[in-house]
Amino acid sequence: MGEAKRKLLDHPLPWLAPTLLLLAVFQLYPMLEAILMSFTNETLVRTGTQFVGPEQYIRLATDPEFWDMLRVTAIFAFSSVVLHVLLGLILALAIDYGVRRGLPGHLTTRVSVLLAWIVPGIIIGLVWKVMLVENQFGAVNHFLGLLNIGPVPFRSDPTLALVSTIIAGTWRGTAFTMIMIYGGLQRVPQRLYEAARVDGAGRWARFRHVTLPQLKPVLFVTTVLVTIYSLNTFDLIFALTGGGPGRATQVLALFMYQEAFQDYALGRGAAIAVVMLVANLLLTGVYLYAFDVGDEI
Amino acid sequence: MNEDAPRDGDGEGTADGRTDGGASEVGMAASGGTAPEERSVAGRVRGRLAQFGRLDLSVYALYLLAIAFFVFPVLWVASASLRPPGELFSYPFRLLPAEISLSAYRRVFRAGMVTWLFNSTVITIVGVGSVIAVSVPAAYAFSRFEFTGRRGLLGIVLLFQMISPVIIIVPLYTVMSTLGLLRTRVGLILLYVGIQTPFSIWLLKGYFDTIPQELDYAARIDGCNRFQTLRHVLLRPVAPGIAVVAIFNTVLTWSEFVLAFTVLGSESRLHTISIGVYKFQGQYSNDWRAIAAASVVGMLPLVIVFLGLQRYFVKGLIKGSLKGQ
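Protein chains in written order, with my numbering: chain A, 4 to 300; chain B, 1396 to 1720.
In structure tokens, the structure reads:
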């Protein structure tokens, strides 16, 4: 008995079985099912699902709304990524500088940035809703009013609504880029700085010719990861603008959700999901390639 | 104090240590000011002030801006939630309430907040416990066994980690429906375990990999089977990793919205805090005080957990995202 048990435990399967089962049921199967579903006209309300070939994709490709959605998603993702990485880089450098120089306050700064990151997405939407109230009593509008600006219609103007979602998204996600880049800064070999200093390089030259090149891999990977997260953003926009006004802030994830669960068009929702899946897979491929994860496995 | 002041940029070894040793300063961060820290190093700071270059000043300005940008919205929501009816929209504009009123909170709690808090707490505790129970053995296997398909399997696990559950929400709905798991908390917990396991395995495998195999061999010679080895020998050195996984998944589970919203349906007694708060704001869309109060209740538990444990967060973020470095 003890021997049989020992033999059993010497095989990897019992250790992995629960994981494999869960992954198969809740990740692998749904992913394959999404692809299958996207070739059907399945709905939530009617039985008699039929295989319709690429019809859903053709309908998407010929639907101007879909292209609008893609545009909104691209603007949201691109602006978010630029802001995330820039802000994260600046903050990481400032905190690294503060740590090395023993400036008090760097920890408070780090904790403040991270604080925003743990607020639940839905609540971030609401927090910014409260911040951006569109009369002179909204906090942001009050301060703008002191500068004789506004009140600004942050959520009812289509362009400003998109800007507001980008700001709220950046508010949440900068913690991630900051920490990643800060981690990268700690891995820059100090002898490079010393060598640069011996060569008479000033602060800017050291940043330009030592820090930046050394950070390149981290910056790249961070950018890819943030792009993936931004492309899949749902909860924050759902709560802040609900995709509106009109469809001004309707990113792909929201579009998919509405097609599937408000219009009950599961097939069409699945087709949008596959579009997102392809984007995610491509970016993941880039990430793996950049990282050479194969070495570590 | 003059010897250590010009040490600009050569503190490589101490940088990490100083940051991680900062747990005791978290309390000061929570109170929103730098006063206690400044007092303890007041002498040094005053001595240095004379040497403050322009760069130090701009870095300080940046700190202040960052703290304002990242903390002000949270404080403003807290301040808005504590006002009596009408005060929020009356002259003059006030940053702090003129008088404190809990009426917004009473309204939120009457709407069912206790049930939502209870559901979120149960789902988070059971869910995170299950994630650990499933991912520790798997991470052990990936770290300690050599078997064919290991690399491929790990690659797939990583792939699943990268793909957002939002994408598969449509087929997940039908899967949950087929399994009879719609509108059940158990179903949502199982789903969370399935979604969160990949990241947890990766993170834990990293911790297992740092433990020398000699420990395993020694235990085996002493007659332990693999399970006993894991339990009595390896669990202790992996404990920090398990802590990081627990913290991470606690935040994820507590914050999760779209899966819960889809799986739990419309019955208020099943709702988690995120759904409850979302539905609540839909009902009281013009009552900003109530929305603010609901937001505060929804984020407060996480904020408290986080302020106590933020340094583990940083470790986890770096370790979990930077595979291979």
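The beta carbon of each residue, even a glycine, is placed where N, CA and C say it ideally should be.
Predicted model, so just to flag it, every value in this text is computed and none were measured.
When 190/A, 69/A and 202/A are compared, the shortest CA-CA separation from residue 250/A is found for 69/A. Under a criterion of Cβ atoms nearer than 7 angstroms, no residue of chain A is adjacent to residue 1538/B; the nearest Cβ is some 10 angstroms distant. Shown here, residue 54/A sits in a strand according to DSSP, grouped into three states. Bounds of any alpha helix (DSSP H) do not take in residue 1665/B, whose DSSP letter is neither H nor E. Contacts with chain B (Cβ-Cβ distance below 8 angstroms) from the region 114-143 of chain A involve 114, 115, 116, 117, 118, 119, 121, 122, 123, 124, 125, 126, 129, 130, 131, 132, 133, 134, 136, 138, 139, 140 and 142, listed in chain order. Taking a beta-carbon distance threshold of 8 angstroms, residue 1622/B counts as an interface residue toward chain A. Within the same chain, Cβ atoms closer than 8 angstroms to the Cβ of residue 209/A are found at 196, 199 and 200, the five residues on either side in sequence being excluded.
Within the DSSP secondary-structure output, residue 43/A pairs in a beta bridge with 54/A. Contact of residue 1589/B with chain A is assigned, a C-beta pair being separated by under 8 angstroms. Counting C-beta atoms within 10 angstroms of its own C-beta, residue 112/A has 16 or more neighbours from the protein chains shown and is therefore classed as buried.
Bounds of the alpha helix (DSSP H) holding residue 1539/B are 1509-1539. Residue 219/A counts as exposed, since fewer than 16 other C-beta atoms from the protein chains shown sit within 10 angstroms of its C-beta. Residue state for residue 1506/B is assigned as helix, using DSSP reduced to three classes. Within the region 268-288 of chain A, those residues whose Cβ lies closer than 7 angstroms to any Cβ of chain B are, in chain order, 269, 272, 273, 276, 279, 280, 283 and 287. Within the region 11-40 of chain A, contact with chain B at the beta-carbon level (separation under 7 angstroms) is assigned to 12, 13, 15, 18, 19, 21, 22, 25, 26, 28, 29, 30, 32, 33, 34, 36, 37 and 40.
The beta-carbon separation of residue 1689/B and residue 1676/B, rounded to 6 angstroms, stays under the 8 angstroms limit for a contact. A Cβ-Cβ contact shorter than 8 angstroms links residue 55/A with residue 42/A.
In this structure, residue 275/A sits near residue 63/A, with a CB-CB distance shorter than 8 angstroms. Any Cβ of chain A closer than 8 angstroms to the Cβ of residue 1611/B would place that residue at the interface, and such an atom is absent. Using a CB distance below 9 angstroms, the part of the region 237-259 of chain A facing chain B consists of 237, 238, 241, 242, 256 and 259, ordered along the chain. The C-beta separation of residue 226/A from residue 116/A comes to about 18 angstroms, leaving the pair out of contact by the 8 angstroms criterion.
The alpha-carbon separation between residue 77/A and residue 185/A amounts to approximately 27 angstroms. Per DSSP, the unbroken alpha helix (DSSP H) holding residue 1615/B starts and ends at 1608-1616.
Between residue 93/A and the set 224/A, 256/A, 179/A and 192/A, the nearest pair of CA atoms involves 179/A. Here residue 1642/B really is in contact with residue 1704/B; their C-beta atoms are around 5 angstroms apart, less than 8 angstroms. Residues of the region 1685-1699 of chain B whose Cβ lies closer than 8 angstroms to any Cβ of chain A, in chain order: 1686, 1687, 1689, 1690, 1693, 1694, 1697 and 1698. Shown in chain order are the members of the region 196-208 of chain A whose Cβ falls below 9 angstroms from a Cβ of chain B: 196, 197, 200 and 206. Within the region 237-290 of chain A, the runs of alpha helix (DSSP H) at least 4 residues long that lie entirely inside it are, in chain order, 238-243 and 255-264. Between residue 267/A and residue 114/A, the C-beta spacing is not below 8 angstroms.
With its beta carbon at least 8 angstroms from every one in chain A, residue 1479/B lies outside the interface.
C-alpha of residue 1591/B to C-alpha of residue 129/A: approximately 26 angstroms in a straight line. Note that the region 102-111 of chain A does not touch the region 1646-1654 of chain B; fewer than 3 beta-carbon pairs, one per stretch, sit closer than 8 angstroms.
Here the alpha carbon of residue 271/A sits roughly 7 angstroms from the alpha carbon of residue 44/A.
Closest in alpha carbon position to residue 158/A, among 169/A, 152/A and 224/A, is 169/A.
Using beta-carbon distances, residue 264/A counts as an interface residue toward chain B, with a partner under 8 angstroms.
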